[in-house]
Amino acid sequence: MRSRHALLGLTLGLALLLFSGAGSVGAQSTADATGSTLDAAVTTELSERTGKALSGERGPATTGEPGAQVNVMREGEGWAFGSAVVEAPKKRGHYPSGWLFVARETDGTWDAELEGASEFPELLREAPESVVAAGERELLTSEARNPEQTRSTAASVARTGLSLPWKKGTRWRFTGGPHGWATGYDRPYAALDFVGPPGGDQNVRAAAGGYAYSMCSSGQGWIRIYHPNGYSTDYYHLIRNIKPQGGRQVSRGEIIGKTGQDVSCGGASYGRHVHFALLRGDTHVKVGGKKIGGWTFRENQAYGGRAEKNGTIRRPSGSTYMKNFG
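Numbering-wise, the sequence shown is residues -27 to -1, 1 to 299 according to mature numbering (1 follows the signal peptide of the UniProt record, and there is no 0).
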């Protein structure tokens, strides 16, 4: 994976793109997702999606200024495919945001789309197989990932078909109940925290089969898996994780890394764990009311709540163990 860091500042309705190392400056309109460089097009799209003025160099952690990572996984024939990430400030309880993107160059100008945009599947279908593999194309353009369908069903689908992210039949500690992905307290409460027993197995495993992507430019820390049923799962803070060159097919229960404290895309961690989160389409969705690994999760205050199974209740703490029923 090749990483590109784009620089973008918004001034009087114009974005000024600074080319690192090239010493040139160009103006970029925020009205569309096109640009004279790939970085410009993708970063403009990120700014529009998040409503943030993005630069490729994050300021001091205390400022909370976001940075953008444009990570090109495959490129050729005037096309590019990869991940686009808004880094988090290096503060506890802050996490990055990320999307896959596809882009096409026409007459020296790049047009980019992030997943979740109505034009994303259309552009994916047109991309050459050398840039977007047939299996990826089929998965990422399936009706299960239709933005309107996934948003309308996100809150109502209780059975996810997903396992918990460790070996079936074994017990891990349930250290963080339902909480927000981005800050811990943001809605929806899409995330859960888990860690293996002290001195024991810390292997993080895929919650179901699908295509796995390394989201950060370093190739470390954050794996996202896109599943055929329309759900996706995030795994953050990983160490020794797989480093797929673009998408890689993984099977249910396959080891994808170990619990850790990696913050390659920002945030902070004060103890090893996996920050595990649920998405429907491109959108994080609440885990409350969802069945994962045989347990139905219930939310309360952030990091609180409980897990239920046949009358058994588990509340998160440093000493609460729960079994993964697959």
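Note that beta-carbon positions come from the ideal geometry of N, C-alpha and C, so glycine has one too.
Per-residue DSSP class, three states only, for residue i
i	result
S191	coil
A57	strand
G40	strand
P94	helix
V15	helix
L137	coil
T143	coil
R178	strand
R160	coil
T232	coil
E272	coil
G183	strand
R118	helix
A107	helix
Residue burial classification, residue i (beta-carbon count within 10 angstroms, cutoff 16)
i	result
L(-14)	For L(-14), the predicted model reports a pLDDT of 32, less than 50, meaning its position is unreliable and no value from the coordinates is stated.
Y276	buried
A107	exposed
E50	exposed
T206	buried
E18	buried
N283	exposed
R197	buried
I286	exposed
P94	buried
Residue i and residue j closer than 8 Å at C-beta
i	j	result
H210	G192	no
E111	G220	no
Y184	Q222	yes
K141	G226	yes
Chain-order list of residues whose beta-carbon lies under 6 Å from that of residue i (same chain, five-residue window excluded)
i	result
F54	M46, R47, V75, V104 and V105
G266	S136, L137, N297 and F298
R288	R279
A61	H67, Y68, P69, G239 and G240
S237	C189, S191, Q193 and G194
Beta-carbon contacts of residue i that lie in its chain and below 8 Å, excluding the five residues immediately before and after
i	result
W139	W145, F167, G169, D174, N176, V177, R178 and N297
T79	G51
Nearest-angstrom beta carbon gap, residue j and residue i [assumed within contact, 8 Å]
i	j	result
W72	L96	Contact doesn't hold; Cβ gap of about 13 Å is too wide.
S20	L27	5 Å
K264	R77	Their Cβ separation, rounded to whole angstroms, is 40 Å, which puts K264 and R77 out of contact at 8 Å.
Y208	F249	6 Å
V59	T23	6 Å
P151	Y158	Between Y158 and P151 the Cβ distance is about 11 Å, and since that is not below 8 Å, they are no contact.
T148	G291	6 Å
Close-in-space but distant-in-sequence residues of the same chain around residue i (CB under 7 Å, 5 per side omitted)
i	result
R160	G153
G231	Gly is not the amino acid found at residue 231; the sequence shown has Lys there. The answer, listed in chain order, is Q175, N176, V177, L211, I212 and R213.
D5	Residue confidence for D5 is low, a pLDDT of 43 falling below 50, so the modelled location carries little weight; the figure read from the coordinates is stated next. Excluding residues within five positions, none has a Cβ falling inside 7 Å.
H246	T148, D166, F167, V168, H210 and T232
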